[in-house]
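Quick note, the sequence shown lines up with residues 153 to 453 if you use my numbering. Inspection log for the structure reproduced underneath, given as structure tokens.
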Amino acid sequence: MSVTTNSITGSSSFEKIVSACTGAVITMSFMNPLDVVKTRLQETSKSGNRHYTGTIDALSKIFRNEGIFALWRGLTPGLVMALPSTAIYFVGYDYIRDHTRNSQFANTALDNYSPLWAGGLARTMAALVVSPLELFRTRMQSAEGVNGFSDVWKGVTRMVQREGPQALWRGLLPTMLRDVPFSAIYWMGYEKIKHRLQTHHELSHFQTSFIAGASSGMFAAVLTTPFDVVKTQRQVSSDAEEARLGRILRNILQKEGTPGFFRGVVPRVAKVAPACAIMISSYEMGKHFFANRKSQQNTLA
153 MSVTTNSITG SSSFEKIVSA CTGAVITMSF MNPLDVVKTR LQETSKSGNR
203 HYTGTIDALS KIFRNEGIFA LWRGLTPGLV MALPSTAIYF VGYDYIRDHT
253 RNSQFANTAL DNYSPLWAGG LARTMAALVV SPLELFRTRM QSAEGVNGFS
303 DVWKGVTRMV QREGPQALWR GLLPTMLRDV PFSAIYWMGY EKIKHRLQTH
353 HELSHFQTSF IAGASSGMFA AVLTTPFDVV KTQRQVSSDA EEARLGRILR
403 NILQKEGTPG FFRGVVPRVA KVAPACAIMI SSYEMGKHFF ANRKSQQNTL
453 A
């Protein structure tokens with residue numbers, strides 16, 4: 153993507169990438185413990201028993217049995233994944249939305265619902281690129297990652313040897329089923345809530361972005377949790393037969409019924425809502441910073 157300046161935000165593509173990556177580092181550093189807990193609650197143990205009764209129980213047991221740093225397991229591949237993911241996702245969303253607004257489709261239905269489809273399209277592109285890293289990060293956060301990087305690497309290597317390189321994209325379908333609707337719901341909700349806050353309340357740029365991001369993220373997280381449960385179980389399974397989508401769906405329904413599809417919803421929402429708030433407010437403030445600095449430079453010139 154070329155380094156062009158957007159006429160609306162006054163920030164270039166490179167400046168948007170810097171803003172998005174900075175926000176991702178801040179967000180993931182704070183939220184990783186809840187992501188680890190969510191993964192542990194969602195995965196099915198080999199013995200079939202439940203090791204954790206809830207979010208607090210999982211946090212305390214992981215901390216007590218594995219040490220505090222276990223709560224940040226998977227952070228490194230997560231941060232590596234964040235660089236291309238945030239660049240494609242956030243900058244891609246802005247690019248698609250702004251070009252729609254500046255085209256012949258301005259003020260049409262396509263423009264009015266641009267956050268919905270632009271968010272979904274941007275997430276689709278990002279998911280295709282980072283799916284192998286997402287699989288590795290999920291396995292690092294699961295019970296398999298207790299003994300560290302080497303065990304996870306061996307497990308992934310064996311899986312690739314048995315099934316071929318396409319195994320690295322295992323979980324892509326449920327990931328897309330989770331992330332594409334999530335992004336569509338999130339961006340549509342975010343833009344609507346932000347517009348309402350700007351119209352009816354006197355809030356700062358940061359406050360508006362933070363509140364809108366948290367509210368929309370929470371709603372989208374609850375609706376897409378079933379897809380997240382399926383994705384996690386598909387990615388942590390080393391057995392190709394057990395990892396089949398139909399098999400996972402049947403197992404969840406037979407063992408737990410409908411509530412099984414919402415396992416881990418509390419840590420997911422507890423993570424996603426503030427993560428969305430931190431990420432979008434960091435991104436928006438970064439763009440705001442670059443736009444203001446450029447404006448001041450132009451004024452002085």
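We put the beta carbon where it would ideally sit given N, CA and C, even for glycine. Please read these numbers as outputs of a predicted model, since none were measured by experiment.
Outcome for residue i when other beta-carbon atoms lying within 10 angstroms are tallied against a minimum of 16
{"i": "L375", "result": "exposed"}
{"i": "L280", "result": "exposed"}
{"i": "N184", "result": "buried"}
{"i": "I220", "result": "exposed"}
{"i": "D391", "result": "exposed"}
{"i": "F120", "result": "As displayed, the chain neither begins before 153 nor continues past 453, which places residue 120 out of reach and without an answer."}
{"i": "G409", "result": "exposed"}
{"i": "R330", "result": "buried"}
{"i": "Y265", "result": "exposed"}
{"i": "K407", "result": "exposed"}
{"i": "T179", "result": "buried"}
{"i": "K306", "result": "exposed"}
{"i": "L324", "result": "buried"}
{"i": "R249", "result": "buried"}
{"i": "F379", "result": "buried"}
Cβ neighbours of residue i in the same chain (closer than 8 Å, five flanking residues each side left out)
{"i": "M233", "result": "V282, L285, E286, R289"}
{"i": "F297", "result": "What sits at residue 297 in the sequence shown is Gly, not Phe. Cβ neighbours of G297 beyond the five flanking positions: R225, G226, R291, D303, V304."}
{"i": "C173", "result": "A234, L235, T238, A239"}
{"i": "R399", "result": "E393"}
{"i": "G412", "result": "V381, I404, L405"}
{"i": "A422", "result": "L186, T207"}
{"i": "V332", "result": "G272, R275, T276, A279"}
Distance cut-off 7 Å: residue i Cβ against heavy atoms of the ligand ZN
{"i": "L227", "result": "In the structure on display, the ligand ZN does not appear, and there are no ligands present to speak of."}
Same chain, Cβ closer than 6 Å to residue i, neighbours up to 5 away in sequence not counted
{"i": "A274", "result": "Y241, G244, Y245"}
{"i": "K346", "result": "T360, A364"}
{"i": "F442", "result": "S163, E167"}
{"i": "G416", "result": "K190, L193, Q194"}
{"i": "A222", "result": "I214"}
{"i": "L268", "result": "A336, M340"}
Close Cβ partners of residue i (< 7 Å) along its chain, the five nearest in sequence each way excluded
{"i": "S146", "result": "Nothing about residue 146 can be read from this structure; the chain reaches only from 153 to 453."}
{"i": "A395", "result": "R322, R386, S389"}
{"i": "Q293", "result": "D187, V188, T191, R225, G226"}
Residue-level contact to chain D via CB, residue i, 8 Å cutoff
{"i": "V298", "result": "Protein chain content of the structure displayed is limited to a single chain, and chain D is not contained in it."}
Between the region 403–411 and the region 351–371, can you find at least three pairs of beta-carbon atoms closer than 8 Å?
no
Does the pairing of the region 206–220 with the region 243–263 give three or more beta-carbon distances under 8 Å?
Taking 8 Å as the limit for Cβ pairs, the verdict is that the region 243–263 does not touch the region 206–220.
Are the region 312–327 and the region 245–257 touching by the rule of at least three beta carbon pairs closer than 8 Å?
no
My parser needs the alpha helix (DSSP H) runs of 4 or more residues fully inside the region 289–315; what are they?
301–315
Taking 8 Å as the cut-off, does the region 434–449 touch the region 382–391 (at least 3 CB pairs, one atom from each stretch)?
no
To test your reading of the DSSP string, which unbroken alpha helix (DSSP H) runs of 4 or more residues are found completely within the region 214–286?
227–238, 244–253, 261–264
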